[in-house]
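Worksheet: the structure to be examined is printed underneath.
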Amino acid sequence: MKIVLFDCDCVDMRTHTLHPTNGVEFIPVSNHPNSLPRCPKGLRIGKTAPTFKNSSDFLLIYLLTKRLTKMSRSRRGGEQHEITIVTKDRALIAAIHMVAKLSNARCYSYPRLQDLEREFYGQQF
Numbered sequence: 082m083k084i085v086l087f088d089c090d091c092v093d094m095r096t097h098t099l100h101p102t103n104g105v106e107f108i109p110v111s112n113h114p115n116s117l118p119r120c121p122k123g124l125r126i127g128k129t130a131p132t133f134k135n136s137s138d139f140l141l142i143y144l145l146t147k148r149l150t151k152m153s154r155s156r157r158g159g160e161q162h163e164i165t166i167v168t169k170d171r172a173l174i175a176a177i178h179m180v181a182k183l184s185n186a187r188c189y190s191y192p193r194l195q196d197l198e199r200e201f202y203g204q205q206f
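Given below as structure tokens:
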């Protein structure tokens, strides 16, 4: 399973549409709903965090650990998850890498959505 996290306060996702992809779960988070990406029907998707220092980072880590805990209960033998984060926030990247390591998951980070598209998936979201 692949989990792609978007820190929409650091990376501009307002004009992007996330298309459902088998085996990939998107988790976009922002302090403001207008910063979230859209689904193909045009609705904003993701979670809006309350506005206080680093609140969207805390929410992103919480949602990731919640999802990993749920997935670990149904994990098939030897299956390793992939976590990707798109952000410029170095402290958040370090925290996500720590969670990934503790969960025995591979982790990748990209500062821009275009880098993720080009280097990791070879497709556009």
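Each residue of the sequence shown is one higher than the one before, counting from 82 in our numbering. Just so it is clear, CB atoms sit at the ideal spot from N, CA and C, and this is done for glycine as well.
Proximity of residue i and residue j at Cβ, strictly below 7 Å
| i | j | result |
| --- | --- | --- |
| THR98 | PRO131 | no |
| CYS89 | SER111 | yes |
| PRO109 | PRO118 | yes |
Inter-residue Cα distance where the pair is residue i and residue j
| i | j | result |
| --- | --- | --- |
| MET82 | GLU163 | 6 Å |
| PHE206 | GLU160 | The pLDDT assigned to PHE206 is 49, lower than 50, so where the model puts this residue is not dependable, and the model offers no usable value. |
| ILE166 | ALA175 | 11 Å |
| ILE126 | ARG171 | 24 Å |
| TYR143 | CYS188 | 16 Å |
| HIS178 | LEU141 | 13 Å |
| ILE84 | GLU106 | 5 Å |
| MET152 | SER136 | 24 Å |
| LYS182 | THR96 | 32 Å |
Where residue i sits in the DSSP three-state scheme
| i | result |
| --- | --- |
| ILE126 | coil |
| LEU86 | strand |
| GLU198 | helix |
| SER190 | strand |
| SER184 | coil |
| PHE133 | coil |
| THR146 | helix |
| ARG119 | strand |
| PRO114 | helix |
Inter-residue CB distance, residue i and residue j (contact presumed, cutoff 8 Å)
| i | j | result |
| --- | --- | --- |
| LEU149 | SER184 | 5 Å |
| VAL180 | THR129 | Actually they are not in contact, since the Cβ atoms of VAL180 and THR129 sit about 21 Å apart, beyond 8 Å. |
| ASP138 | LEU173 | 5 Å |
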